[in-house]
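Novice: Residue numbering for the sequence shown follows the UniProt record's numbering, beginning at 1 and increasing consecutively. All C-beta atoms, glycine included, are put in the ideal place defined by N, C-alpha and C. Here's a structure for you.
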Amino acid sequence: MPEAYLLAGLLPLAHPVIESTLAELPILTGEGLTHRYAYSKLPGKASGSAVLVRTAATNEDIPIHRQARERVQEALESRGVRQVVNIGSVIALLHRLREIASLGDRELWQVALHAALEWVDNDVLRKDLAQALRL
1 MPEAYLLAGL LPLAHPVIES TLAELPILTG EGLTHRYAYS KLPGKASGSA
51 VLVRTAATNE DIPIHRQARE RVQEALESRG VRQVVNIGSV IALLHRLREI
101 ASLGDRELWQ VALHAALEWV DNDVLRKDLA QALRL
């Protein structure tokens, strides 16, 4: 479960081995893909991949054009990636965990949530997610 591995690496006091290997995961980070310590921007004028991250993080029903979704999928496949971790899914999970945490533990989840937001490769999208999640 790559999402669980990424989540474990973002938690405060994560094991250094996990933290150091997160970049080996294929992570959809907004407009691009981070994979094996390299970043590549994905195609698309409307940044379909950024929409995928936003919808996963906020659980909003934002329509994405079929062709945009296909362009993202083709770009991933051309890079040899069949399954990708959407950073938006991890952000959504951390947001939920922060909301249900006891008052004393919320700060730890907040730190992890901010660490996940740092993976988002677009400043506008990062700020938009922070505002949507009321951070």
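In terms of residues, what are the limits of the alpha helix (DSSP H) holding Leu-6?
Specialist: Unbroken alpha helix (DSSP H) run through Leu-6: 2-10.
Novice: Around the Cβ of Arg-98, are there at least 16 other Cβ atoms within 10 angstroms (buried) or fewer (exposed)?
Specialist: By the 10 Å Cβ count, Arg-98 comes out buried.
Novice: Would you kindly work out how many angstroms separate the C-alpha atoms of Asn-59 and Val-17, rounded to a whole number?
Specialist: Taking the straight line joining both Cα atoms gives about 31 Å.
Novice: Would Ala-75 pass as a contact of Leu-94 if the rule is Cβ separation under 7 Å?
Specialist: No, the pair does not count as a contact, with Cβ atoms beyond the cut-off.
Novice: Considering just the uninterrupted stretch of the alpha helix (DSSP H) at Ser-89, what are its terminal residues?
Specialist: Looking at the DSSP string, the run of the alpha helix (DSSP H) that includes Ser-89 is 87-100.
Novice: Going by DSSP, what residue range makes up the alpha helix (DSSP H) through Ala-116?
Specialist: Counting along the chain, the alpha helix (DSSP H) containing Ala-116 begins and ends at 106-117.
Novice: Determine, using beta carbons only, whether Gly-32 and Val-53 come nearer to each other than 7 Å.
Specialist: In this structure, Val-53 does not lie closer than 7 Å to Gly-32 by Cβ.
Novice: Can you give me the start and stop residues for the beta strand (DSSP E) that Gly-32 sits inside?
Specialist: Where Gly-32 is concerned, the enclosing beta strand (DSSP E) stretches over 32-35.
Novice: Let me know the secondary structure DSSP gives Ala-38 once reduced to three states.
Specialist: Strand at Ala-38.
Novice: In this structure, how does DSSP classify Leu-125 when only helix, strand and coil are distinguished?
Specialist: It is helical.
Novice: Once you ignore the five residues that flank Arg-106 on each side, which residues in its own chain have a CB closer than 7 Å to its CB?
Specialist: Excluding sequence neighbours, Arg-106 sits near Arg-98.
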